[in-house]
Amino acid sequence: MIFRLPFEILTEISSFMTNRDKLQCTRVCKAWTRPFQDSLWNILDLDYTKLANICSTCDLQNNVYQKNGYLVESLAVREFHKLNDQKLYTLQKTFGALRHLSFQQYSLGKQDFGKTADWNLWRSLTELDLFMPDVSLEIRREEMLKILGCLPRLTRLRIVETYMEEVGSYTWQMLESIHAILPRLRNLHTNIPMNRVQPGDIKYIKSITPASLITQLKLIDHNMDIGWLYYFSLKYPNIDSLYSQVKRCSGSYIERTTNPDEIRQVSSWSYNFSRLKTVTMEQRIKSSVDSDIFWKSLYQIVGSLDHFIYTVWFEDDISDLPQGEVSRSIGFSSNTLRSAHIVIKSKDDHQIGAQLKFGICPRLVKLEVGARHGVIQLDLLLRNCSSLKTFVLRGGSVKLNSESEVHAHKQQDYCLEEVSLWSSTVGTNVFEYISTHCKSLSNLSLSYVKVKRMPSDDSNDSDEKEVVLDMPHTGFNSLEFKFTHFSLNTDLYSTVERMALVNSSRDTVYLIVLELLGSISNSADISSTNVNVRKPQETRFSQPANGRMWIYYQPLVIGEEERRCLRQLGEDETEFVENHFGLSKSTEAEEMSEEIDNVHFGSEKNKLPDSGIGQPFRTNQCSPLSRSFIDLNVTAYINVKTSRMESVPIGYTQGKLTHARSWLIRQEAPLPSTSLLQATL
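Structure representation (structure tokens):
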């Protein structure tokens, strides 16, 4: 029965098959030969050899491309062909039923461009990728509109210019011309350099005809400002995806003065982008009233935005501007936003303290912020973004609002599950706040982060000699440190103490003690739950009987290169270290302390398994003992790797941690700063 299927059905089936399968089907029977053979011509990718055969005039009657060209629906011309106009005309006559056409970069040459080719032969096109050749600006403009005028059925257009022209060669009138001749267009992607919308153009933009069919707009080499925002809101009321990227920079992009008429127009906007879901925008602005109005306008017209990716470059010196003005220019609120990725850059790399204020975003789930010197007030962020689950910060500082202490009695839980900080500065009080208000937190990653001690109200700051990170309500699935500094300096925004994280042995803490608050074997839920605990031989670390696991960040010289490896201290080394720090109940603590200069860590009994190299461990100024240790109290088994530390939970109940845990980082000596550097093999 299947052998008697109609020709049309066999053709449809072939569209889901590979060329190899199509060739096999042509040999099944005579009825299958033609439909599957014809389907082999649906898509054609032209290389140099095929192009030479098509344009050959030796035997046109027996030319296979001339015979079957009408079957080709999708044609791709590879880059660097640099077709002259005569060869382009040959392609147009050969393939007259095209629906999809792609000219890659440099596939069209500038020789005789526009003199011979007849684009009316390709009126059936619905999708076009066109790289314009490097001809003069006047010819490009003329030929571009001439070509598009012959293709009224286009629904998707990607038109790219491959030259380096001055920024601002085109204006919004060019887009008007394109839409006038392409009424069916739904998807527009172009890099033609657009100039800013002049204040005097606002009155003309009011009367433009909307391109209601456009759903996706992608502009490269375009700087979004309030004028363009106004134009797009009227021109594209039904778009669901907007992409605007600044590829080249020029003064014509950003030099503008807000017109009073523009301000009046802004106040009259009312959710013109009713279907807009995704915005990717790169912008260069000056910190002035323009940026303030732009943000307010964007909030007013994006009534249904789900995803927002925004990069802003401040072209002036932010540090010379009032604090409030900077804060207003980078604030945002949305009732529908679910994910946001915001990167803020400035001309002055040394400016400090720009407040990154988020307004009310009740549905925001994921937030990524990149701001080298910005400040995030985490408590206000969580209060305004109550559904936030993932927070990532690259650069900048994290702190709490001063009013949080006043409202501390108001217990409010948030949904935060994952925090990742990169090259940031954070106070110890932030971790306590997260543990108290974010019971769902399970993943914490600190990379190139400086942790500074923030004095508590019930302690004497002058006598405080320890860095405490108290997270008693938090259960970690993953806990990662990478090049993390712990400092006793309480100035969170000190300009003297830079965040340059260097491998300085003078500031490095080499000893880590992991204290298990609960035993895995004694867990009440161990019999009824799935416990993910690696075998000791896999991690080279074993669980000690007393619950304390001492890890030594050991220097290892390989040739002329010095590296560091993590290894667990043996019983003798553990007893010696605990006596030195007063953690052991042994009465021989004082006697062992006197023998400290004669002890070498890395003996034959406890040597590094892989290298067999023992390293001396003495009480000089570079000794690990002189810089104290880091104490992590956890109710979980810790897997220590050379690239990170992660905790594996003791037990689960319906996917949730059954044991709370806390971790403490203690500094016993008043050092300027200490750091935990992870081994990188």
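In terms of UniProt numbering, the sequence shown opens at residue 1 and continues consecutively. Cβ atoms here follow ideal geometry from the backbone N, Cα and C, with glycine treated the same way.
Please name the residue, chosen from Phe294, Ser334, Ser102, that lies closest to Lys277 on a Cα-to-Cα basis.
On the sequence shown, position 277 is the one that residue 277 refers to. Ranking Phe294, Ser334, Ser102 by Cα distance to Lys277 puts Ser334 first.
Suppose you measure from the CA of Leu51 to the CA of His222; what does that come to, to the nearest Å?
One-based indexing of the sequence shown puts residue 51 at position 51. One-based indexing of the sequence shown puts residue 222 at position 222. Whole-angstrom Cα-Cα distance: 36 Å.
Exposed unless 16 or more other CB atoms sit within 10 angstroms - verdict on Thr49:
Counting from one through the sequence shown, the residue named residue 49 turns up at place 49. Classification of Thr49: exposed, given that the 10 Å Cβ count is below 16.
Note down the Cα distance separating Thr484 from Phe294, rounded to an integer number of angstroms.
Here residue 484 is taken as the residue at index 484 of the sequence shown, counted from 1. Here residue 294 is taken as the residue at index 294 of the sequence shown, counted from 1. Going by the C-alpha atoms only, they are around 38 Å apart.
Below 8 Å CB to CB, which residues in the same chain sit around Trp422 once its five sequence neighbours on both sides are set aside?
As a working mapping, residue 422 is identified with position 422 in the sequence shown. Contacts found: Val392, Leu393, Arg394, Gly395, Ser447, Tyr448, Val449.
Could you tell me whether the Cβ atoms of Ser397 and Val375 are closer together than 9 Å?
Against the sequence shown, residue 397 aligns to sequence position 397. Against the sequence shown, residue 375 aligns to sequence position 375. The answer is yes: Cβ separation under 9 Å.
Rounding to the nearest angstrom, what Cα-Cα distance links Arg140 and Leu154 in this structure?
Along the sequence shown, one-based indexing puts residue 140 at 140. Along the sequence shown, one-based indexing puts residue 154 at 154. Looking at the two C-alpha atoms, the distance is approximately 19 Å.
Residue from Lys203, Gln173, Leu182 with nearest C-alpha to Ile192:
On the sequence shown, position 192 is the one that residue 192 refers to. Residue nearest to Ile192 within the set Lys203, Gln173, Leu182 is Gln173 (criterion: CA-CA distance).
Provide the residue(s) that pair with Leu121 in DSSP beta bridges, ordered along the chain.
Numbered from 1 along the sequence shown, position 121 holds the residue referred to as residue 121. Here Leu121 is not bridged, per DSSP, to any residue.
Since Phe131 sits in a beta bridge, which residues does DSSP pair it with?
For this step, residue 131 is matched to residue 131 along the sequence shown. Under the DSSP definition of a beta bridge, Phe131 partners with Val160.
Assuming Val64 is part of the alpha helix (DSSP H), what are its boundary residues?
As a position in the sequence shown, residue 64 is number 64, starting the count at 1. Element bounds for Val64: 64–68.
For Leu681 and Arg567, I'd like the C-alpha separation in whole angstroms.
As a first step, residue 681 must be located in the sequence shown, where it is residue number 681. As a first step, residue 567 must be located in the sequence shown, where it is residue number 567. Here Leu681 scores only 21 on pLDDT, less than 50, and its place in the model should not be relied on; the value that follows carries that caveat. In a straight line, the C-alpha of Leu681 is about 13 Å away from that of Arg567.
Determine the contact status of Leu400 and Asp413, defining contact as a CB-CB distance below 9 Å.
On the sequence shown, residue 400 is found 400 positions in, with the first residue counted as 1. On the sequence shown, residue 413 is found 413 positions in, with the first residue counted as 1. In this structure, Asp413 does not lie closer than 9 Å to Leu400 by Cβ.
Judging by CA-CA distance, which residue of Cys438, Pro183, Leu75 is the nearest neighbour of Pro472?
For the purposes of this step, residue 472 is taken as residue 472 along the sequence shown, with counting starting at 1. Nearest option by C-alpha distance: Cys438.
With Phe431 as the anchor, note down where its alpha helix (DSSP H) starts and where it stops.
Your numbering for residue 431 matches position 431 in the sequence shown. First-last of the alpha helix (DSSP H) with Phe431: 428–437.
Nearest-angstrom Cβ-Cβ length linking Pro152 and Leu182, presumed shorter than 8 Å
Within the sequence shown, residue 152 is the residue found at index 152, counting from 1. Within the sequence shown, residue 182 is the residue found at index 182, counting from 1. With 8 Å as the limit, Pro152 and Leu182 qualify as a contact, their Cβ atoms being about 7 Å apart.
Confirm, please, whether the CB-CB distance from Val197 to Ile208 is below 9 Å.
Here residue 208 corresponds to residue number 208 of the sequence shown, with the count starting at 1. Here residue 197 corresponds to residue number 197 of the sequence shown, with the count starting at 1. No Cβ-Cβ contact shorter than 9 Å links Ile208 with Val197.
Own chain, CB closer than 8 Å to residue 682, minus 5 neighbours either side, in chain order
Summary: the structure shown does not reach residue 682, with the chain confined to residues 1 through 681, and so no result is reported for it.
So, is Lys87 buried or exposed, given that buried needs 16 or more other C-beta atoms within 10 angstroms?
Residue 87 sits at position 87 when you count from the first residue of the sequence shown. Burial call: buried.
Measuring alpha carbon to alpha carbon, tell me which residue in Arg372, Leu364, His100, Tyr106 is nearest Leu382.
Residue 382 sits at position 382 when you count from the first residue of the sequence shown. Taking only the C-alpha atoms, the option nearest Leu382 is Leu364.
Considering only DSSP beta bridges, list what Arg567 is partnered with.
Position 567 of the sequence shown holds residue 567. According to DSSP, which records beta bridges pairwise, Arg567 is partnered with Tyr552.
Taking just the CA atoms, how far does Leu98 sit from Asn68?
Taking the first residue of the sequence shown as position 1, residue 68 is located at position 68. Taking the first residue of the sequence shown as position 1, residue 98 is located at position 98. Rounded to the nearest whole angstrom, the CA to CA distance from Asn68 to Leu98 is 12 Å.
Where does Leu578 land, buried or exposed, given buried means 16+ other C-beta within 10 angstroms?
On the sequence shown, residue 578 is found 578 positions in, with the first residue counted as 1. The sequence shown places Glu at residue 578, not Leu. Counting Cβ neighbours within 10 Å, Glu578 comes out buried, since at least 16 surround it.
Quick check: what's the CA-CA separation for Val72 versus Ser124?
Locating residue 72 in the sequence shown gives position 72, where the first residue counts as 1. Locating residue 124 in the sequence shown gives position 124, where the first residue counts as 1. Going from the Cα of Val72 to the Cα of Ser124 covers about 12 Å.
Which listed residue (Val343, Leu91, Lys247) has its alpha carbon closest to that of Phe103:
Looking up residue 103 in the sequence shown gives position 103. Closest option to Phe103, Cα to Cα, is Leu91.
Backbone CA spacing between Leu367 and Ile344 [nearest angstrom]:
Residue numbering aside, residue 367 sits at position 367 when the sequence shown is read from its first letter. Residue numbering aside, residue 344 sits at position 344 when the sequence shown is read from its first letter. Going by the C-alpha atoms only, they are around 14 Å apart.
Tell me the DSSP secondary structure of His473 in three-state form.
Position 473 of the sequence shown, counted from the start, is the residue given in the question as residue 473. In the structure shown, His473 falls within a coil segment according to DSSP collapsed to helix, strand and coil.
Can you tell me which of Trp122, Gly114, Asp118, Asn120 puts its alpha carbon nearest to the alpha carbon of Glu142?
Position 142 of the sequence shown holds residue 142. The shortest C-alpha separation from Glu142 is found at Gly114.
With 16 as the cutoff for other CB atoms within 10 Å, does Leu657 come out buried or exposed?
Start at 1 with the first residue of the sequence shown, and residue 657 comes out as number 657. Below a pLDDT of 50, predicted positions are generally treated as unreliable, and Leu657, at 29, falls in that range; no measurement from the model is reported.
What span of residues does the alpha helix (DSSP H) with Ala180 cover, start to end?
The residue labelled residue 180 in the question sits at position 180 within the sequence shown. DSSP places Ala180 inside the alpha helix (DSSP H), whose first and last residues are 172–181.
Measure from the alpha carbon of Pro210 to the alpha carbon of each residue in Gln377, Phe232, Lys110, then state which is nearest.
For the purposes of this step, residue 210 is taken as the residue at position 210 of the sequence shown. Cα-wise, what sits closest to Pro210 is Phe232.
Can you check DSSP and say which residues form a bridge with Gln216?
The residue you call residue 216 lines up with position 216 of the sequence shown. Asn187, Ser241.
Which partner residues does Ser397 have in the DSSP bridge list?
As a position in the sequence shown, residue 397 is number 397, starting the count at 1. According to DSSP, Ser397 bridges with Val375, Thr425.
Separation of Arg372 from Cys361, as counted between CA atoms
Residue mapping note: residue 361 aligns to position 361 of the sequence shown, counting from 1. Residue mapping note: residue 372 aligns to position 372 of the sequence shown, counting from 1. Note on geometry: alpha-carbon atoms of Cys361 and Arg372 lie some 23 Å from one another.
Given that a residue counts as buried once 16 or more other Cβ atoms are within 10 Å of its Cβ, and exposed if not, what is Asn120?
The residue you call residue 120 lines up with position 120 of the sequence shown. Residue environment for Asn120: exposed (fewer than 16 other C-beta atoms within 10 angstroms of its C-beta).
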